[in-house]
Structures are given as structure tokens and as C-alpha cells.
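K.L.:
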Amino acid sequence: MDYLSYMTENLKAIAVRPEFKRYAQENPSYAGHELEHALDVQKWSGELWRERFGAMPPIALEGAAEFHDCDRFYPKEKVDTSKVPKEQYEAEKIKHSKNCARIFRRENPKLPRSLENDISYMIERHEIGGDKINDAYVETTDEFTKSFNLNVSSNQLAEADGISFFSVLLPVYMKWADSEKVANKIRFSFDKLSPLGKKIIRRIDYTDQEVRDTVLAVIGKS
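The sequence shown runs -11 to 210 under my numbering.
Structure representation (C-alpha cells):
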């Protein structure tokens, strides 16, 4: 079985469910761009992997990229982090990650257990990156990881997610957020990126001049 194609087709089927399409039409937020974002994160995670390690990305990383935000496709199940108090935000993000891992497992029942576990591990860490304390315990040797470190791959996923904010979600965010919130979000998101991630942001060719000018005004030459 082509496991990546299997996961991609499942994701696309989820995205066209009437319940989600109706929700996307009624809510002027990122809804309606979730599939684009998921596939974009897959693209950037692969690019980061190839640039850093000179190899094709693992299937597990690509699958995790596709399903990292999958609870967004289920309005009645998703963990909504958009309206929580600042002091609760990080805790809610963790709940969101665990919820996405749960839904991923449910929606992809034909995956081998080792691949399912690898992907779930990364999804649960897509907001925070890999576990820097227990690093030694997550070296994997199954056929889907080819002896790579799950924490290293989790870091690529977290960064790819951050890059996709700029390439896909920022133009949408600018439609409803005021200029101060936009600037703060750009600065916060950019500062979290590695030098390679920042280099990729500078390569993004925005077709919208307002978006381009806004990004450059905030990040400057930093």
C-alpha cells in the first residue's frame, strides 16, 4: 500500500465533508484554508528535511504534516484556541495537539502500528517541537523512519507549521486582524524560526503587495 497516498486521500475526503464545508462558509477565519495549510506544511517539512539532511523526508513526517491540525475539520470536536485567555493558551495548544493525534488514528485505521505511532508522536509535538529531555528514548528503527530521531523530525514539523503561517495563513489573518495584531503575530512567528526558516520566509514571493509590504516592514533585515 502507498501509505502517504492513503493518508492524503483520507485528508481530502475529510475536507469536503458537508459539516466542515458549512462551518467554513459561516466562519470568517482560517476555516476553508485548512486543507491548503496542511498540504503546505507537508511541502515545507519536506523542503526543510532535504535542505538540512540531503535526503527525502520520511513518510511519517509527511503524514504528520498533513494531519497536524486535523481537529480543525471537526467543528464539534476541535479544541478552539482562538478565544482562550493568554495564560491558558499553551495548555490549550497541547490539548489541541493530542486531540489531532487521536483523530488521526481514528481516520487512518489501515496504517501499520509503527507508522501510526511515529506520526502520532510528531502530531502531539507539532506546536512545541521535539522532547529535548528524553531525546535518547525516541530513536526509531522501523521501516518508516529509517533510524531517524523522532524529536528531530518533530522540530521540522513545528518549523514547517510556522513557515506556512506566512505562505498560506497570513493573507487570511490580515483580513480580520488589526494592524497591531498582524505586526505582533508576524514578529512572534518570525522570531521562532531557525536561520533556515527565516531564509525561506524571505524567499516567499507574495502576489499581494500589501502582504509583501507588511511582512517586510516588520521583519526588515533581521
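Glycine included, each C-beta is placed from N, C-alpha and C at the ideal position.
Ignore the nearest five residues each way along the sequence and tell me which others in Tyr(-6)'s own chain have a CB closer than 8 Å to its CB.
P.N.:
Asn96, Lys98, Leu99
K.L.:
Give me, in chain order, the residues of the same chain whose beta-carbon lies closer than 6 Å to that of Arg175; leave out the 5 immediate sequence neighbours on both sides.
P.N.:
Val206
K.L.:
State the DSSP-derived secondary structure class of Asn137, mapped to helix, strand or coil.
P.N.:
strand
K.L.:
On the three-state DSSP scale, how would you describe Pro45?
P.N.:
Pro45 carries a coil assignment under DSSP once its states are collapsed to helix, strand and coil.
K.L.:
Find out if the Cβ-Cβ distance for the pair Glu115, Lys81 is shorter than 8 Å.
P.N.:
Contact: yes.
K.L.:
On the three-state DSSP scale, how would you describe His21?
P.N.:
Coil.
K.L.:
Measuring alpha carbon to alpha carbon, tell me which residue in Ile188, Ala171, Tyr62 is nearest Gly34.
P.N.:
Ile188
K.L.:
Considering only the beta carbon of each residue, do Ile217 and Phe136 sit closer than 8 Å?
P.N.:
Nothing about residue 217 can be reported from this structure: the residues present for the chain run from -11 to 210 only.
K.L.:
Okay, do the region 30 to 47 and the region 62 to 70 touch, 3+ Cβ pairs below 8 Å being the bar?
P.N.:
no
K.L.:
Would Val227 pass as a contact of Asp149 if the rule is Cβ separation under 8 Å?
P.N.:
What the structure shows of the chain is the stretch from -11 to 210, and residue 227 is not part of that stretch, so it cannot be assessed.
K.L.:
Which one of His84, Ala79, Glu50 has the shortest CA to CA distance from Asp268?
P.N.:
There is simply no residue 268 to check, as the chain begins at -11 and stops at 210 in what is shown.
K.L.:
How long is the line joining the alpha carbons of Glu198 and Asp106, rounded to whole angstroms?
P.N.:
40 Å
K.L.:
Curious, which full-length alpha helix (DSSP H) runs of at least 4 residues does the region 157 to 197 contain?
P.N.:
You should have 158 to 161, 167 to 179, 183 to 191.
K.L.:
Using three-state DSSP, classify Tyr(-6) as helix, strand or coil.
P.N.:
helix
K.L.:
If you reduce the DSSP assignment to three classes, tell me which class His56 lands in.
P.N.:
It is coil, neither helix nor strand.
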